[in-house]
Amino acid sequence: MEDKAAQKIILSGIKPTGQLTIGNLIGAMNNFVKLQHDYDTLYMVADLHALTVPQEPKELRHKTLSIIAQYIAVGLDPEKNDLFIQSHVTGHTELSWILGCLTGLGDLSRMTQFKDKSSKPGANINAGLFTYPVLMASDILLYNADYVPVGEDQKQHVELTRDIAMKFNFRYSDTFTIPEPIIPKTGARIMDLQNPLSKMGKSDSGESGRIALIDDPVMVSKRIRSAVTDSGSEIIYSDSDEKAGIRNLLTIYTNLTDKSVPEIEKMYEGRGYGDFKKDLADIVVEKLRPIKEKHDELMNNKDYLESVLKNGASNAQKKAWKVLSKVYRKVGLVQTGR
Ligand code: TYM
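Counted the way the numbering used here counts, the sequence shown spans residues 5 to 342.
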């Protein structure tokens, strides 16, 4: 195996605002798992980002640990990856201040996610929601990450991160690596099962529109079987809005099996949606069963989870400080060592 120091760096994160869904799995976590073998990988739980929407403290703590347990349950090896909680590493918020001083208000107000979130009726539009992408840029740049595996909806935030990094490098000389997103070719945007024209979200989809990785199998099966499709009966992949439901189910199917979309279309030629949904429900249930089992076992072993987190944060902290101290020096802050 290649020397870790010579390896490219990967960072990504998930915010604990709800239960992880198969959208998170297909759009991001499957790549986290694939990339762990050949890169220096850091995967965090973005608990500070979660605070941009009101959270019940006890629940937030539980969801944060549950995501760490799900990271391990989907196959991330704590010996190979730095698994940590964002707030455990000082530097994310510190760098965020510095980068915030370089980021234009105009750039932040163009962020689609901010526009979507702030335009919802009764939205709590706080300053954190607005500066959210600057904290995300800090998460990435704090480790000089080369690649950032994410789903489609985070692409714009990674692009802003690149702009901020270039601005800093231009003003203060070469400091940050310019990161690139890694977005899956299919499944970068898994849609809500009841409303296949909008994204399946952890917290913004209705319960029947999403499938959580740790949902009860009976529920999972029911939700797939009652997913919205059209009045046709052919299982074919089409870009039309009318076929959005079946397209989404085909995307889930191909991502959770080793079968390509044309192979699946062929398998179901002349058969109806009912057969297809029933098979897909079984596939999803079988895929999630071991994840839920492992998650539940780990959640009963908090000592182990804590040891993983301590180790992950300690490794990440060392890497973070190297970059942050350089940044502080470059911008002109007096350093006496810490
Ligand atoms: P979050 O927590 O909303 O989502 C976590 C990851 O899952 C992807 N994703 C999806 N992919 C496909 N289909 C879907 N329906 C779907 N829903 C979510 C997201 O694109 C993401 O990759 N701001 C980030 C968290 C974050 C982060 C970072 C990510 C904080 N700091 C630094 C990368 C690097 C977020 O809210 O993702």
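Cβ coordinates follow ideal geometry from the N, Cα and C atoms, glycine included. All values derive from a computational prediction rather than experimental measurement.
- Message: Are the CB atoms of residue 44 and residue 76 within a distance shorter than 8 Å?
- Response: Counted from its first residue, the sequence shown places residue 76 at position 72. Counted from its first residue, the sequence shown places residue 44 at position 40. Not in contact: residue 76 and residue 44 (Cβ atoms no closer than 8 Å).
- C-alpha distance - residue 193 paired with residue 339, whole-angstrom precision: Position 189 of the sequence shown, counted from the first residue, corresponds to residue 193. Position 335 of the sequence shown, counted from the first residue, corresponds to residue 339. One C-alpha to the other measures close to 44 Å.
- Task: Apply the 10 Å Cβ neighbour rule to residue 129 and answer buried if 16 or more other Cβ atoms are within range, or exposed otherwise.
- Result: What you label residue 129 is simply residue 125 of the sequence shown in a count that begins at 1. With fewer than 16 other Cβ atoms within 10 Å, it is exposed.
- Message: According to DSSP, simplified to helix, strand and coil, what is residue 218?
- Response: Taking the sequence shown and counting its residues from 1, the one referred to as residue 218 is at position 214. Residue 218: coil per DSSP, three-state reduction.
- Answer with buried or exposed for residue 182, where buried requires no fewer than 16 other C-beta atoms within 10 angstroms of its C-beta. Residue mapping note: residue 182 aligns to position 178 of the sequence shown, counting from 1. Residue 182 comes out exposed.
- Message: So for residue 266, helix, strand or coil by DSSP?
- Response: On the sequence shown, position 262 is the one that residue 266 refers to. In the structure shown, residue 266 sits in a helix (DSSP, three-state: H, G or I).
- Could you give the C-beta distance for residue 141 and residue 164, rounded to a whole number, given that I count them as a contact under 8 Å? Numbered from 1 along the sequence shown, position 137 holds the residue referred to as residue 141. Numbered from 1 along the sequence shown, position 160 holds the residue referred to as residue 164. Taking 8 Å as the upper bound for CB-CB distance, residue 141 and residue 164 are in contact here, some 6 Å apart.
- Going by C-alpha distance, which of 220, 253, 173, 217 is nearest residue 234? The sequence position of residue 234 within the sequence shown is 230, counting from 1. Nearest C-alpha to residue 234: 253.
- Item | Buried or exposed by the 16-neighbour rule on C-beta atoms within 10 Å, applied to residue 276 | The count along the sequence shown starts at 1 and reaches residue 276 at position 272. It counts as exposed.
- Message: Using a Cβ-based criterion (distance less than 7 Å to any ligand heavy atom), does residue 223 qualify as near the ligand TYM?
- Response: Indexing the sequence shown from 1 puts residue 223 at position 219. Because no heavy atom of the ligand TYM lies under 7 Å away, the Cβ of residue 223 does not count as near it: no.
- Beta-carbon proximity list for residue 266, same chain, < 6 Å, skipping 5 on both sides: In the sequence shown, the residue the question calls residue 266 occupies position 262. There are no such residues.
- Task: May I ask whether a heavy atom of the ligand TYM can be found less than 7 Å away from the beta carbon of residue 194?
- Result: Sequence index remark: in the sequence shown, residue 194 carries index 190 (1-based). Under cutoff, so the answer is yes.
- Item | When 40, 46, 301, 19 are compared against residue 59, the one with the closest alpha-carbon | Here the question's residue 59 lines up with position 55 in the sequence shown. Taking only the C-alpha atoms, the option nearest residue 59 is 19.
- Query: What are the start and end residues of the beta strand (DSSP E) that includes residue 186?
  - Reply: Translated into positions along the sequence shown, residue 186 becomes position 182. Secondary structure note for residue 186: its beta strand (DSSP E) is the uninterrupted segment 184–186.
- Task: Classify residue 299 as buried or exposed, calling it buried when 16 or more other Cβ atoms lie within 10 Å of its own Cβ.
- Result: Residue numbering aside, residue 299 sits at position 295 when the sequence shown is read from its first letter. It is buried - the Cβ of residue 299 has at least 16 other Cβ atoms within 10 Å.
- Among the residues of its own chain, which have a CB less than 8 Å from the CB of residue 106, if the five just before and after it don't count? The residue given as residue 106 occupies position 102 in the sequence shown. Contacts found: 168, 171, 172, 175.
- Taking C-beta to C-beta, are residue 100 and residue 138 nearer than 8 Å? Taking the first residue of the sequence shown as position 1, residue 100 is located at position 96. Taking the first residue of the sequence shown as position 1, residue 138 is located at position 134. The answer is yes: Cβ separation under 8 Å.
- Message: Closest to residue 57 by C-alpha separation, out of 69, 83, 22, would be which residue?
- Response: Start at 1 with the first residue of the sequence shown, and residue 57 comes out as number 53. Closest option to residue 57, Cα to Cα, is 22.
- Message: Within a Cβ cutoff of 8 Å, which residues of the same chain sit near residue 147, ignoring the five residues on either side of it in sequence?
- Response: Here residue 147 refers to the residue found at position 143 when the sequence shown is read from its first residue. If we look at residue 147 and ignore the five residues flanking it on each side, its Cβ neighbours are 13, 15, 46, 320, 323, 324, 327.
- Is any heavy atom of the ligand TYM found at a distance shorter than 7 Å from the C-beta of residue 28? Within the sequence shown, numbered from 1, the residue matching residue 28 stands at position 24. It does: the Cβ of residue 28 is within 7 Å (strictly closer) of some heavy atom of the ligand TYM.
- Task: Would you mind giving the Cβ-Cβ distance between residue 68 and residue 49, rounded to the nearest angstrom? I have them listed as a contact below 8 Å.
- Result: In the sequence shown, the residue the question calls residue 68 occupies position 64. In the sequence shown, the residue the question calls residue 49 occupies position 45. So it is a contact: roughly 5 Å between Cβ atoms.
- Message: Can you list, in chain order, the residues of its chain with a C-beta nearer than 8 Å to that of residue 264? Leave out the 5 residues immediately preceding and following it.
- Response: Mapped onto the sequence shown, residue 264 falls at position 260. Only 258 meet the Cβ criterion.
- Query: Measuring CA to CA, which of 33, 272, 97, 102 is closest to residue 401?
  - Reply: There is no way to answer for residue 401, as the model of the chain reaches only from 5 to 342.
- Message: Rounded to whole angstroms, what is the Cα-Cα separation between residue 239 and residue 283?
- Response: Position 235 of the sequence shown, counting from 1, holds the residue named residue 239. Position 279 of the sequence shown, counting from 1, holds the residue named residue 283. Straight-line measurement puts the Cα of residue 283 at about 13 Å from the Cα of residue 239.
- Message: Could you check whether residue 289 and residue 225 sit closer than 8 Å to each other, using their CB atoms as the reference points?
- Response: Here residue 225 refers to the residue found at position 221 of the sequence shown. Here residue 289 refers to the residue found at position 285 of the sequence shown. Yes, the Cβ-Cβ distance between residue 225 and residue 289 is below 8 Å.
- Task: Would you kindly check if the distance between the Cβ of residue 309 and the Cβ of residue 287 is under 8 Å?
- Result: For the purposes of this step, residue 287 is identified with residue 283 of the sequence shown, where counting begins at 1. For the purposes of this step, residue 309 is identified with residue 305 of the sequence shown, where counting begins at 1. For residue 287 and residue 309, no; Cβs fall outside 8 Å.
- Message: Only counting the same chain, and skipping five residues up and downstream in sequence, which positions put a Cβ closer than 7 Å to that of residue 198?
- Response: Looking up residue 198 in the sequence shown gives position 194. Answer for residue 198: 210, 212, 213, 232, listed in chain order.
- Where does residue 203 land, buried or exposed, given buried means 16+ other C-beta within 10 angstroms? Here the question's residue 203 lines up with position 199 in the sequence shown. By the neighbour-count rule (16 or more Cβ atoms within 10 Å), residue 203 is buried.
- Contact test: residue 53 Cβ vs the ligand TYM heavy atom, cutoff 7 Å: As a first step, residue 53 must be located in the sequence shown, where it is residue number 49. Flag set: Cβ of residue 53 near the ligand TYM.
- Item | Buried or exposed (CB count within 10 angstroms, at least 16 for buried), residue 114 | In the sequence shown, the residue the question calls residue 114 occupies position 110. The residue in question, residue 114, is exposed, as its Cβ has fewer than 16 Cβ neighbours within 10 Å.
- Is the distance from the Cβ of residue 144 to the Cβ of residue 331 below 8 Å? The count along the sequence shown starts at 1 and reaches residue 144 at position 140. The count along the sequence shown starts at 1 and reaches residue 331 at position 327. No, the pair does not count as a contact, with Cβ atoms beyond the cut-off.
- Query: Going along the chain, which unbroken runs of the beta strand (DSSP E) with 3 or more residues stay wholly within the segment 48–117?
  - Reply: The DSSP assignment places 85–89 as complete runs of the beta strand (DSSP E) inside the segment 48–117, in order along the chain (cut-off: 3 residues).
- Task: With DSSP as the reference, label residue 17 as helix, strand or coil.
- Result: Within the sequence shown, residue 17 is the residue found at index 13, counting from 1. The answer is strand: DSSP assigns residue 17 an E or B state.
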